[in-house]
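Asks: Below is one structure. I have some questions about it.
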Amino acid sequence: MILFIILTFAAAGLLYLYLIWNFSYWSKRRVPSPKAKVLLGDLPNGILRKENMAYDFERLYNKYKGKTPFVGIIQLRDPRLLILEPELIKDVLVGKFHYFKNNEFADMIDTKLDPLFAKNPFFLKDDEWKEKRAEITPAFTTNRMKALYPLIQDVSARMVKYITIESKKSDPFDARELSAKYTTDVVSNCIFGVDAESFTKENAKIREMGKKLFSSSPWIFIKMILIESFKFLKRFIKIQFTEIEIQQFFVDLMKQALKYRDENNIQREDFLDYIIQLRNKKNISELEMASHTISFFSDGFETSSIAISHALYELGKSKRVQDKLREEIKNNANKNGQISFEKLQEMSYLDQVFHEALRMHPPLVTSSRLCSEDVDLEYDGKKVTVEKGMSVFIPYLSVHYDPENFLEPKNFHPERFDDGAMKDYLDRCVLMPFGGGPRICLGMRFALLQSKAALAAIVGNFEVTVNSKTQDNPLVIDPKEFLNIKTGGLWLDFKPLSEE
Ligand code: HEM
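Every letter in the sequence shown is one number past the one before it in numbering that gives the first Met the number 0, and letter 147, counting from 1, is 146.
So this is what it looks like as structure tokens:
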């Protein structure tokens, strides 16, 4: 019995030592750092899911910004560096990209369990990332975007019809669900050439599968934490992000679309056409084709729908901005109310409105980059060596709300980007809704096109107001979500303008 007690205490002591082993890492290097908590590190609320991790970063950012360009933090038990100064952020994303070219997530994907995500550039590393990114980039040329635009317009028209009918009922609209129906229909049309029927069918299959694609179970989160804390467990604990049933659904969807296109000799300048060209040129396998299509699908609908719903929310709060945008829409529409591809690109206020909403509500609130070779970061005489294998965090959301970067950051004020000022914010890496540098969002052009088309269609046809069901005093990011999704949802009312 005594031996058992001694052994238990010894094991507990060893475990404790293991967990706090790195806690003095930053003080030894004279880098400012908070006091980490055992098992939780410096991001406790995010780990416990009491709050979204964005708020842990926000507190650290506000405590240290202006006093130091970087903070050494502990995530669970590993040292990480949180970057605060835009110049250093630019170093990581652009200038010293060579050292920070990989995403931290890359090592989390098990290529056998999640083969369809394994070829998504977001999860790739080193030369494979470079090769796949180069392979997919031509899918987003201006010509292809222009060719896709009529498909997007068709879906916009279906959405307007849907809102017109539904707005006769007294229930408010869940902005995110509405936007997700729209982006699901757009991407399904642009990738698979099929109508996902999200606006016409209850529980439409593709929309349901899209929802499941992103609904990660708490088990995945727990497994990730265990692996992060005890690296050796990686050999025993396997994480599958997408269930087989969902993977199979999308593979079958692509196969059917391919068969239909081949058999009927259909020529459409869409994403599937691009993947077919890749197959013919590079002889890529069916699995790789499916992987590309599911990457387009998964990257294409969720982030954009979050962005559209927040833009609608901010427009609903500001009648002034909404009226001004509507004026621009009217001035650019033809007599049928249609806006051409070229006119949509020229609408500068629409661009400002959308970017201002992205500033306030970036779908990705932080990013992290894995250091692949020891490198020094230096600012204002303060220097830190980032060691190979360490991750650095870039707190997108906090930078967007820093009053040093944006005057009155809590105000929705698209005019801050007047007279081409946006370029300067983007160049200085204080505005980063799409990231920055060589790993900047690959689908940015497509995201902007589908989102702006949706906003123009809605604001051109309806007056938007925020319903009191929205919990916005203040808006809070859902603790369980990885992306910027608000607790309780964003609820809107739409009043058709033609009734006025
Ligand atoms: C408003 C909508 C969108 C936002 C705000 C957004 C944001 C981002 C951000 C911030 C990153 C960089 C992540 C990092 O820092 O590591 C990223 C990467 C990426 N995005 Fe987007 N995205 C959007 C829409 C799209 C769409 C529509 C697609 C494709 C159809 C797409 C495809 C990708 C891909 C493939 C990457 C990885 C790029 C690489 O690692 O080389 N995104 N996105």
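All C-beta atoms, glycine included, are put in the ideal place defined by N, C-alpha and C.
#1: Can you tell me where the beta strand (DSSP E) with phenylalanine 493 in it begins and where it stops?
#2: Of all the alpha helix (DSSP H) runs that stay within the bounds of the segment 265 to 314, which reach a length of 4 or more residues?
#3: Measure the alpha-carbon distance for alanine 306 versus alanine 11 and round it to whole angstroms.
#4: Does the segment 321 to 334 touch the segment 419 to 436, meaning 3 or more C-beta pairs lie closer than 8 Å?
#5: Short of 6 Å in beta carbon distance, which residues of its chain neighbour isoleucine 439, apart from the five on each side in sequence? Order them along the chain.
#6: Does the pairing of the segment 89 to 109 with the segment 273 to 282 give three or more beta-carbon distances under 8 Å?
#7: Kindly confirm or deny that the segment 14 to 25 and the segment 50 to 59 touch, where touching means at least three C-beta pairs closer than 8 Å.
#8: Quick one: is alanine 356 buried, meaning 16 or more other Cβ sit within 10 Å of its Cβ, or exposed?
#9: Quick check on DSSP: helix, strand or coil for glycine 336?
#10: Short check: CB of isoleucine 72 to CB of leucine 83, under 7 Å?
#11: Measuring only from the beta carbon, is serine 308 closer than 6 Å to any heavy atom that is part of the ligand HEM?
#12: Reducing DSSP to helix, strand and coil, say where isoleucine 393 ends up.
#13: Between isoleucine 151 and glutamine 344, is the Cβ-Cβ spacing less than 7 Å?
#14: In terms of residue numbering, what span does the alpha helix (DSSP H) encompassing phenylalanine 56 cover?
#15: If you reduce the DSSP assignment to three classes, tell me which class threonine 182 lands in.
#16: When the Cα atoms are used, what is the spatial distance from methionine 288 to valine 154?
#17: Going by beta carbon distance, what residues of the same chain come within less than 7 Å of proline 495, once the five residues before and after it are set aside?
#18: Could you check how far apart the C-beta atoms of valine 383 and valine 30 are, in whole angstroms? I think they sit under 8 Å.
#19: Please look up how many angstroms separate the CB atoms of valine 391 and arginine 58, rounded, as I've assumed it's under 8 Å.
#20: From glutamate 499 to glutamine 337, what distance separates their C-alpha atoms?
#21: Compute every distance between the C-beta of asparagine 102 and the non-hydrogen atoms of the ligand HEM, then say whether any falls below 6 Å.
#22: Decide if serine 169 is buried, meaning its Cβ has at least 16 other Cβ atoms within 10 Å, or exposed.
#23: Look up isoleucine 72 in the DSSP assignment and give the residues it is bridged to.
#24: Would you call the segment 356 to 370 and the segment 306 to 320 touching, i.e. three or more CB-CB distances under 8 Å?
#25: Are valine 502 and tyrosine 395 touching if we call contact CB-CB under 7 Å?
#26: Label alanine 203 either buried or exposed according to how many other C-beta atoms from any shown protein chain fall within 10 Å of its C-beta, with 16 as the threshold for buried.
#27: Within this structure, are the beta carbons of leucine 491 and alanine 174 separated by less than 7 Å?
#28: Assuming alanine 453 and methionine 158 form a contact by the criterion Cβ under 8 Å, report the distance between their Cβ atoms to the nearest whole angstrom.
#29: Less than 7 Å between the beta carbons of asparagine 119 and serine 228, yes or no?
#30: Can you give me the C-alpha to C-alpha distance between asparagine 330 and lysine 342, rounded to a whole angstrom?
#31: Helix, strand or coil: which one does DSSP assign to leucine 123?
#32: I need the boundaries of the beta strand (DSSP E) containing aspartate 375, first residue and last residue.
#33: Just verifying my parser: in three-state terms, what is the DSSP assignment at leucine 39?
#34: Less than 6 Å between C-beta atoms, sequence neighbours within five positions excluded: which residues of the same chain meet that for methionine 443?
#35: Please list the terminal residues of the continuous alpha helix (DSSP H) segment that includes threonine 486.
#36: Using only the alpha-carbon positions, how far apart do phenylalanine 213 and isoleucine 1 sit?
Replies: On the basis of the coordinates in this document:
#1: 490 to 495
#2: 270 to 281
#3: 47 Å
#4: no
#5: Phe433
#6: no
#7: no
#8: buried
#9: coil
#10: no
#11: no
#12: strand
#13: no
#14: 52 to 63
#15: helix
#16: 25 Å
#17: Thr163, Ser166, Asn460, Phe461
#18: 5 Å
#19: 18 Å between Cβ atoms; not a contact.
#20: The predicted model places glutamate 499 with a pLDDT of 49, which falls under 50 and marks its position as unreliable; any figure quoted below should be read in that light. Roughly 20 Å between the two C-alpha positions.
#21: yes
#22: exposed
#23: Arg79
#24: yes
#25: An answer regarding residue 502 cannot be provided, because it is not within the stretch 0 to 499 covered by the chain.
#26: buried
#27: yes
#28: 7 Å
#29: no
#30: 10 Å
#31: coil
#32: 374 to 378
#33: coil
#34: Phe433
#35: No alpha helix (DSSP H) contains threonine 486, which DSSP labels as neither H nor E.
#36: 50 Å
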